[in-house]
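Reviewing the structure listed below.
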Amino acid sequence: SSGINAEYGDLPKMLHQKRYIVPFVILMFPVVLVFALVRHAISFLFRALKPKNYPPVLRTPPESFACLSDLGYDFTPHYIELSGGNLHLPRVHYVDEGPPDSDRVILCIHGEPTWSFLYRFMIRELSHRGYRVIALDFIGQFLLCY
Numbered sequence: 000s001s002g003i004n005a006e007y008g009d010l011p012k013m014l015h016q017k018r019y020i021v022p023f024v025i026l027m028f029p030v031v032l033v034f035a036l037v038r039h040a041i042s043f044l045f046r047a048l049k050p051k052n053y054p055p056v057l058r059t060p061p062e063s064f065a066c067l068s069d070l071g072y073d074f075t076p077h078y079i080e081l082s083g084g085n086l087h088l089p090r091v092h093y094v095d096e097g098p099p100d101s102d103r104v105i106l107c108i109h110g111e112p113t114w115s116f117l118y119r120f121m122i123r124e125l126s127h128r129g130y131r132v133i134a135l136d137f138i139g140q141f142l143l144c145y
């Protein structure tokens, strides 16, 4: 028996101590996992709140649309300003024709790749008949950039 202890040294003592390693790892796993998740969440928040250098919103000069009245599109432009804190967001163009207090409202929504120009004759006809006609341009479509 003394030969075994001499050959293996303190192996029985080491085995005795190693039996605590597995429960320790099992208990520490949730702690390490929570720590990692919190670290990633904080890192994500710092990246999300960091100011970004977005390119400016480009707008087409108003004189570029002067010829539209010759084509029957001579409506007063209206815009919805999008708010995004310190971001410079595009504005959304829409046409609003007809009596503003009319209870008969028609909303014209176009598809891709058109814009409210598509409804120019219908807008004029319906507004003369007493309808309030609103034609909204999607973000990225023609007069949105104006």
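Here the sequence shown is numbered in the working numbering, starting from 0 and rising by one per residue. Idealized CB from N, CA, C, for every residue including glycine.
*Between ASP69 and ILE138, what straight-line distance do the alpha-carbon atoms span, to the nearest angstrom?*
Answer to the nearest angstrom: the Cα atoms are 25 Å apart.
*6 Å CB neighbourhood of SER0 in its chain, flanking five on each side removed*: The predicted position of SER0 is uncertain, since its pLDDT is 49 and thus under 50; a value taken from the coordinates is nonetheless stated next. Nothing listed; no residue qualifies.
*Since I believe GLY71 is in contact with ARG119 (beta carbons under 8 Å), could you give me their beta-carbon distance rounded to a whole number of angstroms?*
Between ARG119 and GLY71, the beta carbon gap of about 5 Å places them in contact (Cβ cut-off 8 Å).
*Just how far apart, CA to CA, sit LEU106 and PHE43?*
40 Å
*Limits of the unbroken beta strand (DSSP E) element including ILE79*: 77 to 80
*CA-to-CA distance, VAL31 to ASP95, given in whole angstroms*: In this structure, the CA atom of ASP95 is about 59 Å from the CA atom of VAL31.
*Taking GLU111 as the reference, which of PRO60, LEU135, VAL37 and ARG103 has the closest Cα?*
The option with the nearest alpha carbon to GLU111 is LEU135.
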